[in-house]
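Novice:
Chains as they are written, first to last, in our numbering: chain P, 1 to 100; chain B, 1 to 326.
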């Protein structure tokens, strides 16, 4: 079966950043994303995701490599200084390239 | 009733004791934890119940009686950030955006503090205007909007993306779920009036105290988990979180009296002026002033002012009202 190389971008951030991040994803050309609630510990301290307002979320998007580059650049420039956030990309292979 | 009797009557109420229990659970790192959907459900229940009850009270009293004190409450909410901002900026040496964010929180209100106050008045058999919920509804948003404007004026427009738009703040301040539910339930109650109340009373009124106690248990844990952040806020903000509510409480009681409220209603107006938002305001501010540091505004309103008001503030504002009315 023919698979195609793509990038999986994973963003873990405070829930308040959700709207800004999903807007950015759309802007840089991502065709979709998946989101779930998470909790954990990081450089800004343990994040008690006890109530929805203070929750942490993980957003994942599978995108073309050039989109991933644009996305990470924008995140580093505009989001990292403002929000509690980490982001990274990894290599994945997908079926149906046109979906991404 | 002396101030000590007033305070001890408050401290021994189920709501406050459960709040303390929640604090202890967090401090002792108990594994007690509310599932998140339960927290959401309790919030919805409390906001709908208090909104509905207030709406029915407006229908009973007539809008002619309500509009003037409601307008006064709204104006007070919008004005509070205007004097708290310079206090924070020049007294506390906070950056413009942090000062504006904190000011927005102290101008806005805490529904749970308000509910605890009505609970307290009921417990000591002090009658109050039930339509005071309308003041809660109109006081939540104005300060948030004023705070965001102050924050924008005080900082150079950053070259960043457009996530700091005024539109986000307005939308969050007017249609965020807490204000939406509260105003919506208020309107529903107003339209139904007394006959509507009879249909839902056994669900929205009778179990209310129990639900509030449960919710405050959870809030005690939420506040307790953030007590560690107190180190980050510094002595100025700690003092601010206690002194400012006392000043605002007195102003609120006075304004309530001037606007024609009775003793109970003026106490509630004082409580509203003294309370600081920790749900609606953080959401709106985090999205529209992302450069403001949440450790300052969230910790001071949630870990300082909220517990202070719940334990000591409410009976103190009542005593202030007694003093104004006698």
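A virtual CB, placed ideally from N, CA and C, is assigned to each residue, including glycine.
Here the structure is a predicted model, which means the values were calculated and not measured.
From residue 128 of chain B to residue 118 of chain B, what distance separates their C-alpha atoms?
Specialist: To locate residue 128 of chain B, count along the second chain from 1; it is residue 128. To locate residue 118 of chain B, count along the second chain from 1; it is residue 118. Roughly 8 Å separates the two Cα atoms.
Novice: Please report the distance separating the alpha-carbon of residue 228 of chain B from that of residue 203 of chain B.
Specialist: As a position in the second chain, residue 228 of chain B is number 228, starting the count at 1. As a position in the second chain, residue 203 of chain B is number 203, starting the count at 1. Straight-line Cα distance between these residues: approximately 38 Å.
Novice: Residue 208 of chain B lies in the beta strand (DSSP E); which residues open and close that run?
Specialist: Locating residue 208 of chain B in the second chain gives position 208, where the first residue counts as 1. Premise fails: residue 208 of chain B lies in the alpha helix (DSSP H), 208 to 225, not in any beta strand (DSSP E).
Novice: Which value, in whole angstroms, describes the spacing of the CA atoms of residue 161 of chain B and residue 293 of chain B?
Specialist: For the purposes of this step, residue 161 of chain B is taken as residue 161 along the second chain, with counting starting at 1. For the purposes of this step, residue 293 of chain B is taken as residue 293 along the second chain, with counting starting at 1. Unreliable positioning characterises residue 161 of chain B in this predicted model, as indicated by a pLDDT of 46, which lies under 50. A coordinate reading is not provided.
Novice: Spell out whether any CB of chain B is found under 9 Å from the CB atom of residue 70 of chain P.
Specialist: As a position in the first chain, residue 70 of chain P is number 70, starting the count at 1. No, residue 70 of chain P does not count as interfacial toward chain B.
Novice: Would you report the Cα separation of residue 242 of chain B and residue 305 of chain B, rounded to the nearest angstrom?
Specialist: Locating residue 242 of chain B in the second chain gives position 242, where the first residue counts as 1. Locating residue 305 of chain B in the second chain gives position 305, where the first residue counts as 1. Whole-angstrom Cα-Cα distance: 6 Å.
Novice: When you check each C-beta in the region 69 to 90 of chain P against every C-beta of chain B, which residues fall closer than 7 Å?
Specialist: Result list: 78, 82, 83.
Novice: Below 9 Å between beta carbons: does that hold for residue 9 of chain B and residue 131 of chain B?
Specialist: Working through the second chain from its first residue, we reach residue 9 of chain B at position 9. Working through the second chain from its first residue, we reach residue 131 of chain B at position 131. For residue 9 of chain B and residue 131 of chain B, no; Cβs fall outside 9 Å.
Novice: Comparing alpha-carbon positions, which option in B:282, B:308, B:326 lies nearest residue 245 of chain B?
Specialist: Locating residue 245 of chain B in the second chain gives position 245, where the first residue counts as 1. That would be B:308, whose Cα lies nearest to the Cα of residue 245 of chain B.
Novice: Apart from the five residues on each side of it in sequence, which residues of its chain come closer than 8 Å, Cβ to Cβ, to residue 193 of chain B?
Specialist: As a first step, residue 193 of chain B must be located in the second chain, where it is residue number 193. Result list for residue 193 of chain B: 56, 59, 60, in chain order.
Novice: Within the chosen definition, does the region 28 to 48 of chain B reach the region 168 to 185 of chain B through at least 3 CB pairs nearer than 8 Å?
Specialist: Short answer: they touch.
Novice: List the residues of chain P that residue 290 of chain B touches, going by C-beta distances under 7 Å, in chain order.
Specialist: The residue you call residue 290 of chain B lines up with position 290 of the second chain. Per Cβ cutoff of 7 Å: 82, 83.
Novice: What did DSSP end up calling residue 5 of chain P once you bin it into helix, strand or coil?
Specialist: Sequence index remark: in the first chain, residue 5 of chain P carries index 5 (1-based). Residue 5 of chain P falls in the strand class under three-state DSSP.
Novice: Compile a chain-ordered list of the residues in the region 281 to 308 of chain B whose CB is closer than 7 Å to at least one CB of chain P.
Specialist: Residues 282, 283, 286, 287, 290, 291.
Novice: In chain order, what residues of the same chain have a beta carbon less than 7 Å from the beta carbon of residue 74 of chain P, not counting five sequence neighbours either side?
Specialist: The sequence position of residue 74 of chain P within the first chain is 74, counting from 1. Contacts found: 24, 28.
Novice: Hey, is residue 312 of chain B's beta-carbon within less than 9 Å of any beta-carbon in chain P?
Specialist: Translated into the one-based positions of the second chain, residue 312 of chain B becomes position 312. With 9 Å as the cut-off, residue 312 of chain B does not count as an interface residue toward chain P.
Novice: Can you give the beta carbon distance from residue 275 of chain B to residue 114 of chain B, rounded, assuming they're within the 8 Å contact cut?
Specialist: As a working mapping, residue 275 of chain B is identified with position 275 in the second chain. As a working mapping, residue 114 of chain B is identified with position 114 in the second chain. That belief holds up - the Cβ atoms of residue 275 of chain B and residue 114 of chain B are roughly 7 Å apart, short of 8 Å.
Novice: Taking the alpha carbon of residue 83 of chain B as the point to measure from, which residue in B:253, B:263, B:5, B:146 has its own alpha carbon closest?
Specialist: As a first step, residue 83 of chain B must be located in the second chain, where it is residue number 83. The residue with the shortest Cα to Cα distance from residue 83 of chain B is B:146.
Novice: Would you mind giving the Cβ-Cβ distance between residue 62 of chain P and residue 92 of chain P, rounded to the nearest angstrom? I have them listed as a contact below 8 Å.
Specialist: On the first chain, position 62 is the one that residue 62 of chain P refers to. On the first chain, position 92 is the one that residue 92 of chain P refers to. That pair is a contact at about 6 Å.
Novice: For residue 212 of chain B versus residue 310 of chain B, is the C-beta spacing smaller than 9 Å?
Specialist: Counting from one through the second chain, the residue named residue 212 of chain B turns up at place 212. Counting from one through the second chain, the residue named residue 310 of chain B turns up at place 310. No; because the gap between Cβ atoms is not below 9 Å, this pair is not in contact.
Novice: Nearest to residue 9 of chain P by alpha carbon, out of P:84, P:58, P:97, P:80?
Specialist: Taking the first chain and counting its residues from 1, one reaches residue 9 of chain P at position 9. Cα-wise, what sits closest to residue 9 of chain P is P:58.
Novice: What are the start and end residues of each continuous alpha helix (DSSP H) run of 4 or more residues lying completely inside the region 31 to 108 of chain B, in chain order?
Specialist: Whole alpha helix (DSSP H) segments, 4+ residues: 36 to 61, 63 to 86, 96 to 107.
Novice: Does any residue of chain P have a CB that is nearer than 9 Å to the CB of residue 112 of chain B?
Specialist: Translated into the one-based positions of the second chain, residue 112 of chain B becomes position 112. Not one chain P Cβ lies under 9 Å of residue 112 of chain B.
Novice: With a 10 Å radius around its C-beta and 16 neighbouring C-beta atoms as the bar for buried, classify residue 239 of chain B as buried or exposed.
Specialist: Counted from its first residue, the second chain places residue 239 of chain B at position 239. Exposed: under 16 other Cβ atoms inside 10 Å.
Novice: At what residues does the alpha helix (DSSP H) containing residue 18 of chain P begin and finish?
Specialist: On the first chain, position 18 is the one that residue 18 of chain P refers to. That run of the alpha helix (DSSP H) goes 18 to 28.
Novice: Using a C-beta cutoff of 9 Å, does residue 48 of chain B count as contacting chain P?
Specialist: For the purposes of this step, residue 48 of chain B is taken as residue 48 along the second chain, with counting starting at 1. It does not: the Cβ of residue 48 of chain B has no partner Cβ on chain P nearer than 9 Å.
Novice: Apart from the five residues just before and just after residue 159 of chain B, which ones in its own chain have a Cβ nearer than 8 Å to its Cβ?
Specialist: Counting from 1 along the second chain, the entry for residue 159 of chain B is found at position 159. Note that residue 159 of chain B scores a pLDDT of 43, beneath 50, so its modelled location is shaky; the value from the coordinates is reported in the next line. None.
Novice: Check this for me: beta carbons of residue 101 of chain B and residue 151 of chain B, under 9 Å apart or not?
Specialist: By 1-based counting over the second chain, the position of residue 101 of chain B is 101. By 1-based counting over the second chain, the position of residue 151 of chain B is 151. Yes.
Novice: With DSSP run on the structure shown, which of helix, strand or coil describes residue 276 of chain B?
Specialist: Residue mapping note: residue 276 of chain B aligns to position 276 of the second chain, counting from 1. In the structure shown, residue 276 of chain B sits in coil (DSSP, three-state: anything other than H, G, I, E or B).
Novice: Mind reading off the beta-carbon distance from residue 136 of chain P to residue 40 of chain P? Whole number of angstroms is fine, and I expect it under 8 Å.
Specialist: The structure shown does not extend to residue 136 of chain P, since chain P spans only 1 to 100, so no value can be given for it.
Novice: For residue 70 of chain B, which residues from the same chain have a beta carbon less than 7 Å from its beta carbon, with the 5 sequence-adjacent residues on both sides left out?
Specialist: Numbered from its first residue, the second chain carries residue 70 of chain B at position 70. Once the five neighbours on either side are set aside, the close Cβ partners of residue 70 of chain B are 134, 135, 138.
Novice: Beta-carbon within less than 8 Å of residue 315 of chain B's beta-carbon, same chain only, minus the 5 sequence neighbours each way: which residues are those?
Specialist: The sequence position of residue 315 of chain B within the second chain is 315, counting from 1. So the qualifying residues of the chain are 3, 6, 7, 9, 10, 120.
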